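Chemist: For the sequence shown, counting from 1, position 105 maps to 105 in our numbering; every step adds exactly one.
The beta-carbon is built from N, C-alpha and C at its ideal position, and this holds for glycine as well.
Being a predicted model, the structure only gives us computed values, none of them experimental.
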Amino acid sequence: MLSIEGLTGIVVLQGSPGYEEARQNYNGRFNKFPFVIVYCEVTQDVINAILWVRKYRLPFRIRDGGHSYEAFSLIDGGLVIDVSRLLMLQINHENGTVQIGAGFRLLPLYEALWNQRVTIPGGTCPTVGISGLTLAGGYGLLSRRLGMTCDNLLEVEMVTARGKIIRANHSQHSDLLWACSGGGDGSFGVITSFTFRVHPIENVARYRITWDFADLEKVVRFWQMWAPHADDRLTSLLLLPAQNQGDLRSSGVYIGSEEELRWFLGPLQEGTRPKTVAFHSTTWMETVHLFAGQPVKQERFKNSSAYAYEPLSDEALGVLIHNLKTAPGSANVVSFDAYGGFIGSVPTTATAFVHRKALFVMQYQSYWEQAAEADENIRWIEQFRKSMLPYTRGAYRNYCDSMIPDWTSAYFGENLARLKKVKQVYDPENLFHFQQSIPIY
Ligand SMILES: Cc1cc2nc3c(=O)[nH]c(=O)nc-3n(C[C@H](O)[C@H](O)[C@H](O)COP(=O)(O)OP(=O)(O)OC[C@H]3O[C@@H](n4cnc5c(N)ncnc54)[C@H](O)[C@@H]3O)c2cc1C
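1. Determine contact between the segment 141 to 151 and the segment 347 to 354, defined as no fewer than three beta-carbon pairs at a distance below 8 Å.
2. Based on Cα-Cα distance, which residue from L431, A306, L176 and E259 lies nearest to G410?
3. Pull up the distance between the alpha-carbon of V53 and that of Y39, whole angstroms please.
4. Less than 8 Å between the CB of R162 and some heavy atom of ligand 1, yes or no?
5. If you measure between the beta carbons of N27 and E70, is that distance less than 9 Å?
6. Under the DSSP definition of a beta bridge, which residues are partnered with A168?
7. Using 9 Å as the threshold, is the C-beta distance between G413 and E373 below it?
8. Assuming contact is defined by CB atoms lying nearer than 9 Å, are R61 and P34 in contact in what I supplied?
9. Quick check: is any heavy atom of ligand 1 less than 8 Å from the C-beta of H67?
10. Should E270 be labelled buried (16 or more other beta-carbon atoms within 10 Å of its own) or exposed?
11. Between which residues of its own chain and V288 is the CB-CB distance below 6 Å, once the five residues before and five after are set aside?
12. Under 9 Å, do R206 and F301 count as touching if we go by C-beta distance?
13. Helix, strand or coil: how does DSSP classify D406 here?
14. Does Q294 come out as helix, strand or coil in the three-state DSSP assignment?
15. I'd like to check one pair, S251 with F432: are the Cβ atoms closer than 9 Å?
16. Looking at C-alpha atoms only, which residue of E21, H173, T408 and W284 is the closest neighbour of S437?
17. Using a 10 Å radius around the Cβ and a threshold of 16 neighbouring Cβ atoms, would you call A303 buried or exposed?
18. Can you look up S251 in the DSSP assignment and give me helix, strand or coil?
19. Where does the unbroken alpha helix (DSSP H) through S143 begin, and where does it stop?
20. Using a Cβ-based criterion (distance less than 8 Å to any ligand heavy atom), does N25 qualify as near ligand 1?
21. Using a threshold of 9 Å, state whether the C-beta atoms of A102 and D45 are closer than that.
22. Buried or exposed: Q365, going by 16 or more other Cβ atoms within 10 Å of its Cβ?
23. Within its chain, find whatever has a CB closer than 8 Å to the CB of I321; leave out the 5 residues flanking it on each side and keep chain order.
24. Going by C-alpha distance, which of G78, G66, F342 and E315 is nearest R57?
25. Check this for me: beta carbons of S193 and Y339, under 9 Å apart or not?
26. Along the chain, where does the beta strand (DSSP E) containing V80 start, and where does it finish?
27. Can you tell me whether I321 is helix, strand or coil according to DSSP?
28. Does the Cβ of R63 lie closer than 8 Å to at least one heavy atom of ligand 1?
29. Return yes when the C-beta of A352 is under 8 Å from any heavy atom of ligand 1, and no when it is not.
30. Among residues of its own chain, excluding the 5 on either side of R249, which ones have a beta-carbon nearer than 8 Å to its beta-carbon?
31. On the DSSP bridge list, what partners appear for N27?
32. Does the pairing of the segment 398 to 406 with the segment 332 to 346 give three or more beta-carbon distances under 8 Å?
33. When the Cα atoms are used, what is the spatial distance from D314 to N323?
34. Quick one, are the C-beta atoms of V118 and P200 less than 9 Å apart?
35. Thinking G189 and T160 are a contact (beta carbons under 8 Å), I'd like their distance in whole angstroms, please.
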């Protein structure tokens with residue numbers, strides 16, 4: 001039996017009270033049994049955990065919000081270094097920044113920032129962790145105006161493979177800051193705090209439009225020529241459920257008045273003749289709550305992704321529709337998130353997040369209730385992804401998929417070589433490794 005001496009923080013050993021809860025991640029498809037989970041309460045707990053795994057040579061993972069699609073933050077028989085209790089928050093109004101502990105989930109973070117009428121662009125799910133989100137990019141409802149979450153990252157504090165604390169910013173360890181801006185999830189060290197640029201925010205306008213499945217071709221044809229090129233204050237999403245699984249819908253947020261938003265939406269409405277159209281003008285925080293929906297603890301799912309750098313051709317649309325007509329379950333969708341705006345204005349090599357010039361990212365999604373339904377759903381996602389390969393490029397690291405064979409180039413493209421160099425400097429022993437960690441060579 002291994003000794004847990006040396007581990008500090010809240011230590012939850014296999015078989016002890018609280019273990020069942022502690023070993024759960026968001027994706028209920030996985031059922032993993034770590035040997036021990038450590039909830040770190042201060043940076044020293046992280047250091048002690050790293051020194052402990054070095055001593056006992058036990059495999060480990062780092063976890064914040066636990067939303068990794070492939071449960072890369074869990075491990076059978078090893079240690080989980082959980083940072084979700086690192087919750088310090090310090091806003092500096094003078095220079096417009098916030099320093100936060102690496103443990104925040106999105107909703108509490110947005111709420112704390114909203115109290116000061118500022119925000120950062122982040123994802124829509126309330127329980128996603130700021131760590132995983134930022135370190136692999138981070139897309140949300142303000143991204144076309146304010147960038148990916150990682151575009152607002154100014155500094156990280158990291159515990160290294162040797163148990164040392166370093167700070168990476170634009171003046172020191174700038175290569176590490178670069179890597180942590182899109183390629184830093186789990187590969188270089190344990191991030192314990194982030195410093196972001198914050199943005200003032202008050203009221204926004206939002207919209208929701210629906211169509212019948214029969215209008216799919218027309219809607220996609222129009223949306224893809226419009227949403228990535230719209231005014232950058234407008235971020236638009238498109239959701240396409242499989243046939244007989246509900247209406248097609250687009251929703252989005254505009255940083256400005258409802259009147260202006262109605263004007264910007266005019267072409268989309270005229271071009272596609274929607275079934276329903278609704279506009280609302282509200283506070284930013286109300287919109288965050290609305291998009292967050294009801295809290296969900298866990299669901300079983302398999303998702304994958306691909307980028308459209310060109311509008312989908314008629315042939316590509318035919319393939320997409322065929323997939324949506326042959327879905328296996330009752331919760332099968334593909335979503336489109338519009339890029340362009342600020343995202344596309346950043347050079348592809350300026351951060352590790354490479355997919356700057358894409359028009360939008362597509363996410364193939366499948367959810368199910370019973371474990372026995374897993375195989376057909378996973379098969380459908382894999383078939384969907386493969387069938388769209390001729391029309392797409394790459395994949396989004398935050399929508400990680402362990403079935404993508406060439407995942408390094410799919411996620412990181414031309415930035416892969418530099419990521420490997422950063423890995424050689426900061427983790428030459430490859431202590432931080434898992435199925436899709438940045439390889440050393
Ligand atoms: C329901 C849902 C909604 C989502 N919505 C969005 C969205 O709107 N926009 C978007 O961009 N993405 C979205 N995502 C994807 C999400 O960004 C990724 O799943 C992300 O990795 C989750 O981060 P986490 O901290 O919750 O997950 P975890 O599973 O805790 O971590 C994810 C990865 O990051 C590593 N990691 C975690 N913390 C640290 C740390 N402190 N230091 C170093 N490595 C660390 C882990 O080891 C793991 O490899 C969504 C995911 C889900 C499940």
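Modeler: Reading it off the structure:
1. yes
2. By 1-based counting over the sequence shown, the position of residue 410 is 410. In the sequence as presented, Gly is not what sits at residue 410; that position holds Ala. Of the candidates L431, A306, L176 and E259, the one whose C-alpha sits nearest the C-alpha of A410 is A306.
3. In the sequence shown, residue 53 corresponds to position 53, counting from 1. In the sequence shown, residue 39 corresponds to position 39, counting from 1. Spanning the two alpha carbons is a distance of roughly 15 Å.
4. Position 162 of the sequence shown, counted from the first residue, corresponds to residue 162. Residue side-chain check: R162 keeps its Cβ at 8 Å or more from all non-hydrogen atoms of ligand 1.
5. Within the sequence shown, numbered from 1, the residue matching residue 27 stands at position 27. Within the sequence shown, numbered from 1, the residue matching residue 70 stands at position 70. The answer is yes: Cβ separation under 9 Å.
6. Indexing the sequence shown from 1 puts residue 168 at position 168. DSSP, once it has assigned bridges, lists V156 as partnering A168.
7. By 1-based counting over the sequence shown, the position of residue 413 is 413. By 1-based counting over the sequence shown, the position of residue 373 is 373. The Cβ atoms of G413 and E373 lie no closer than 9 Å to each other.
8. Here residue 61 refers to the residue found at position 61 when the sequence shown is read from its first residue. Here residue 34 refers to the residue found at position 34 when the sequence shown is read from its first residue. A distance below 9 Å separates the beta carbons of R61 and P34.
9. Indexing the sequence shown from 1 puts residue 67 at position 67. Within the cutoff, so yes.
10. As a position in the sequence shown, residue 270 is number 270, starting the count at 1. So E270 counts as exposed.
11. Translated into positions along the sequence shown, residue 288 becomes position 288. Closer than 6 Å at the Cβ level, and outside the excluded window around V288, lie Y110.
12. Stepping through the sequence shown from its first residue, residue 206 is reached at position 206. Stepping through the sequence shown from its first residue, residue 301 is reached at position 301. No, these two residues do not count as a Cβ contact at 9 Å.
13. Position 406 of the sequence shown, counted from the start, is the residue given in the question as residue 406. D406: coil per DSSP, three-state reduction.
14. Taking the first residue of the sequence shown as position 1, residue 294 is located at position 294. DSSP places Q294 in coil when its eight states are reduced to three.
15. If you number the sequence shown from 1, residue 432 lands on position 432. If you number the sequence shown from 1, residue 251 lands on position 251. Inclusion of F432 and S251 in the CB contact set at 9 Å is not warranted, their separation being larger than that value.
16. As a working note, residue 437 is residue 437 in the sequence shown. Closest option to S437, Cα to Cα, is T408.
17. Locating residue 303 in the sequence shown gives position 303, counting from the first residue. The sequence shown places Asn at residue 303, not Ala. By the neighbour-count rule (16 or more Cβ atoms within 10 Å), N303 is buried.
18. Translated into the one-based positions of the sequence shown, residue 251 becomes position 251. S251: strand per DSSP, three-state reduction.
19. Within the sequence shown, residue 143 is the residue found at index 143, counting from 1. Looking at the DSSP string, the run of the alpha helix (DSSP H) that includes S143 is S143 to L146.
20. For the purposes of this step, residue 25 is identified with residue 25 of the sequence shown, where counting begins at 1. Yes, since a heavy atom of ligand 1 falls inside the 8 Å radius drawn around the Cβ of N25.
21. In the sequence shown, the residue the question calls residue 102 occupies position 102. In the sequence shown, the residue the question calls residue 45 occupies position 45. No, the Cβ-Cβ distance between A102 and D45 is not below 9 Å.
22. Taking the first residue of the sequence shown as position 1, residue 365 is located at position 365. Per the 10 Å Cβ criterion, buried.
23. Position 321 of the sequence shown, counted from the start, is the residue given in the question as residue 321. Excluding residues up to 5 positions away in sequence, L216 and E217 lie with their Cβ nearer than 8 Å to the Cβ of I321 in the same chain.
24. On the sequence shown, position 57 is the one that residue 57 refers to. The candidate whose alpha carbon is nearest that of R57 is G78.
25. Your numbering for residue 193 matches position 193 in the sequence shown. Your numbering for residue 339 matches position 339 in the sequence shown. No.
26. By one-based count along the sequence shown, residue 80 stands at place 80. Element bounds for V80: L79 to D82.
27. Within the sequence shown, numbered from 1, the residue matching residue 321 stands at position 321. I321: helix per DSSP, three-state reduction.
28. Residue 63 sits at position 63 when you count from the first residue of the sequence shown. Under cutoff, so the answer is yes.
29. In the sequence shown, the residue the question calls residue 352 occupies position 352. Not so, every heavy atom of ligand 1 lies at least 8 Å from the Cβ.
30. Here residue 249 is taken as the residue at index 249 of the sequence shown, counted from 1. So the list reads R208, I209, T210, W211, L238 and L239, once near-sequence residues are dropped.
31. Taking the sequence shown and counting its residues from 1, one reaches residue 27 at position 27. N27 pairs with E299.
32. no
33. Position 314 of the sequence shown, counted from the first residue, corresponds to residue 314. Position 323 of the sequence shown, counted from the first residue, corresponds to residue 323. Going by the C-alpha atoms only, they are around 14 Å apart.
34. Mapped onto the sequence shown, residue 118 falls at position 118. Mapped onto the sequence shown, residue 200 falls at position 200. Going by C-beta atoms, V118 is nearer than 9 Å to P200.
35. Position 189 of the sequence shown, counted from the first residue, corresponds to residue 189. Position 160 of the sequence shown, counted from the first residue, corresponds to residue 160. About 5 Å; that satisfies the 8 Å criterion.
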